[in-house]
Amino acid sequence: EDPAKLAAFEARIARGEKIEPGDWMPAEYRRQLIRMISQHAHSEYVGMLPEGAWITRAPSLRRKMILIAKVQDEAGHGQYLYHAAETLGATREEMMDALLTGRAKYSSIFNYPSLTWADVGMIGWLVDGAAIRNQTMLAGCSYGPYSRAMVRICSEETFHHKQGKEMILAYANGTPKQRAMAQDALDRWWWPSLMMLGPHDQDSPNSGPLMKWGIKLKSNDEVRQEFINEHVPELQEAGLTIPDPDLHQDEHGNWVHGPIDWSEFWRVVKGGGQCNKERMDARNDAHAEGAWVREAMQAYASRALQAAD
Ligand code: 3HC
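Here it is in structure tokens:
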């Protein structure tokens with residue numbers, strides 16, 4: 007990189023300026039953002055599947071309408087994020103191909119099955135709760151389009167989080183069977199939610215450049231600590247038990263969790279989770295079924311071009 011341009015860029019970051027699509031930026035800054043934003047978009051796109059499976063089986067019209075609205079929001083979040091990545095020069099075709107061929111990642115959390123209706127509530131509480139912590143941090147990101155997308159996404163996630171909490175609180179205060187369903191969902195979603203926020207800082211190779219250039223404003227462990235400190239008291243208040251026998255508070259009031267099974271995390275990230283194949287098949291099938299729409303748009307666009315000539 008041109009040292010003078012790099013110095014000027016880093017001075018802009020230090021001043022807290024937003025970097026916009028047409029601005030000069032280091033190639034690595036651009037590469038890191040395309041990696042992170044496209045995988046964030048893939049997470050939203052795949053993330054629709056665990057909850058989508060319950061839309062036809064929601065226990066009431068009200069719950070069905072809320073769930074439809076939430077899944078629709080996730081699709082919209084995916085769109086914002088794919089567009090943010092496109093402002094950096096990535097194309098939708100390249101990003102989609104990277105996802106569908108397994109070269110790109112999406113959040114590990116979505117490779118776990120949503121086994122009961124209580125899972126839908128626990129996903130809202132824990133997964134969207136973790137996403138809000140992470141995305142609130144990213145709203146301060148130095149890249150303008152990403153940071154602005156986060157502002158809109160966080161406001162919608164807040165609704166997702168609240169509806170999940172409302173559901174779980176109803177079941178935790180309901181019949182013994184409902185309480186057991188809520189506890190079973192917590193038992194299965196707690197640890198994957200901690201893993202969702204990424205490896206420990208010392209095992210996070212991307213955090214260095216991301217924090218140097220103001221893309222990530224807090225480390226994986228900082229965001230995880232915020233998440234745990236917020237949700238442990240609330241889940242205990244709801245009468246649920248956190249499935250971590252080592253969990254305790256330190257002298258600073260921080261909740262300290264037991265060891266995370268990172269071998270499970272990497273197994274899931276590398277394709278060996280319970281639902282990886284199902285999720286990728288669903289996304290590949292949807293892409294194949296949608297081919298006629300892309301062809302029709304292509305035909306329309308080329309005819310419009312001919313008409314313009
Ligand atoms: N799932 C899958 N892969 C993960 C992961 C996870 N939970 N956490 C980390 N990884 C991958 C990283 O992508 C990286 O691999 P790569 O270099 O091939 O991309 C590798 O593990 C090492 O991790 P790092 O900590 O070095 O990676 P990052 O610095 O990028 O940190 C992150 C990981 C915290 C997830 C960060 O990428 C991030 O903040 N991304 C944006 C937010 C996001 O993607 N959230 C996903 C959930 S979206 C969601 O929850 C939707 C909501 O509506 C429910």
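301 is the number that full-length UniProt numbering gives to position 295 of the sequence shown; each next residue is one higher, with no gaps. For glycine and all other residues, C-beta sits at the position ideal for the given N, C-alpha and C.
So which of the options has the shortest CA-CA distance to residue i?
i      : options                           : result
Leu73  : Val52, Val299, Pro56 and His89    : Pro56
Gln280 : Arg69, Ile43 and Pro119           : Pro119
Ile43  : Tyr306, Leu246, Ser269 and Lys222 : Lys222
Leu121 : Glu16, Asp190, Val133 and Asn290  : Asp190
Gly135 : Ser114, Met202, Lys283 and Ala186 : Met202
His48  : Gln208, His83 and Tyr177          : His83
Asp250 : Asn212, Glu257 and Trp261         : Trp261
Gly264 : Val275, Asp256, Asp252 and Lys218 : Asp252
Ala17  : Trp268, Trp219, Gln208 and Ala124 : Trp219
His206 : Phe271, Asp8, Arg41 and Ala314    : Phe271
Met54  : Met143, Arg285 and Met71          : Arg285
Ile266 : Ile129, Gly278, Arg36 and Gly204  : Gly204
Gly278 : Asn117, Arg300 and Glu236         : Asn117
Gln208 : Trp268, Ala176, His167 and Ala178 : Trp268
Gly259 : Gly245, Arg273, Val275 and Glu236 : Glu236
His167 : Gly245, Glu228, Ala186 and Ala75  : Ala75
Met143 : Lys224, Ile129, Gly127 and Ala188 : Lys224
Asp29  : Gln45, His46, Arg21 and Lys11     : Lys11
Pro32  : Glu7, Gln45, Ala145 and Lys24     : Glu7
Trp273 : Ala14, Leu87 and Ile115           : For the record, residue 273 in the displayed sequence is Arg; it is not Trp. Nearest option by C-alpha distance: Ile115.
Lys59  : Gln45, Leu87, His89 and Val126    : The question names Lys, but residue 59 in the sequence shown is Ala. Nearest C-alpha to Ala59: Val126.
Thr247 : Glu257, Met187, Ala294 and Ala297 : Met187
My assumption, with CB atoms under 8 Å, is that residue i sits in contact with residue j. Please give the rounded CB distance.
i         : j      : result
Pro215    : Glu26  : With a Cβ gap of about 19 Å, Pro215 and Glu26 do not count as contacting.
Leu200    : Arg230 : 6 Å
residue 1 : Arg289 : Here the chain comprises residues numbered 7 to 315, so residue 1 is not present and cannot be evaluated.
Gln38     : Asn282 : In fact, because the Cβ distance is near 25 Å, the residues do not count as touching under 8 Å.
Glu50     : Arg139 : Contact doesn't hold; Cβ gap of about 16 Å is too wide.
Ile40     : Ala91  : 5 Å
Gly106    : Ala155 : The displayed chain sequence assigns Leu, not Gly, to residue 106. With 8 Å as the limit, Leu106 and Ala155 do not qualify as a contact, their Cβ atoms being about 23 Å apart.
The alpha helix (DSSP H) that contains residue i, what's its start and end?
i      : result
Ile138 : Asp134 to Leu144
Lys70  : Leu67 to Glu92
Trp298 : Ala297 to Ala314
Arg273 : Trp268 to Arg273
Arg41  : Ala33 to Gly58
Ser213 : Ser213 to Lys218
Trp196 : Pro182 to Met202
Phe15  : Pro9 to Ala20
Trp123 : Trp123 to Met128
Phe116 : Premise fails: Phe116 is in no alpha helix (DSSP H) and is neither H nor E.
Pro239 : Asn226 to Glu243
Asp103 : Arg98 to Leu106
Mind checking who residue i pairs with in its DSSP beta bridge?
i      : result
Arg254 : The sequence shown places His at residue 254, not Arg. DSSP output for His254 lists Val262 as bridge partner(s).
Tyr149 : Ile25
Within 8 Å of any Cβ in chain C, is that where the Cβ of residue i sits?
i      : result
Lys183 : No chain C is part of this structure, which consists of one protein chain only.
Indicate, with yes or no, if the ligand NAP has a heavy atom lying under 7 Å from the CB of residue i.
i      : result
Arg300 : Among the ligands present in this structure, namely the ligand 3HC, the ligand NAP is not found.
Exercise. Touching or not, the segment 144-151 and the segment 183-203, by the rule of three or more beta carbon pairs under 8 Å?
Worked result: no
Exercise. Between the segment 74-87 and the segment 238-248, do at least 3 Cβ pairs fall closer than 8 Å?
Worked result: no
Exercise. Any chance the segment 88-104 sits against the segment 56-71, with 3 or more Cβ pairs inside 8 Å?
Worked result: no
Problem set entry | contact_flag[the segment 161-171, the segment 99-112] where n(CB pairs < 8 Å) is 3 or more | no
Exercise. Taking contact to mean at least 3 C-beta pairs separated by less than 8 Å, is the segment 168-181 in contact with the segment 109-116?
Worked result: no
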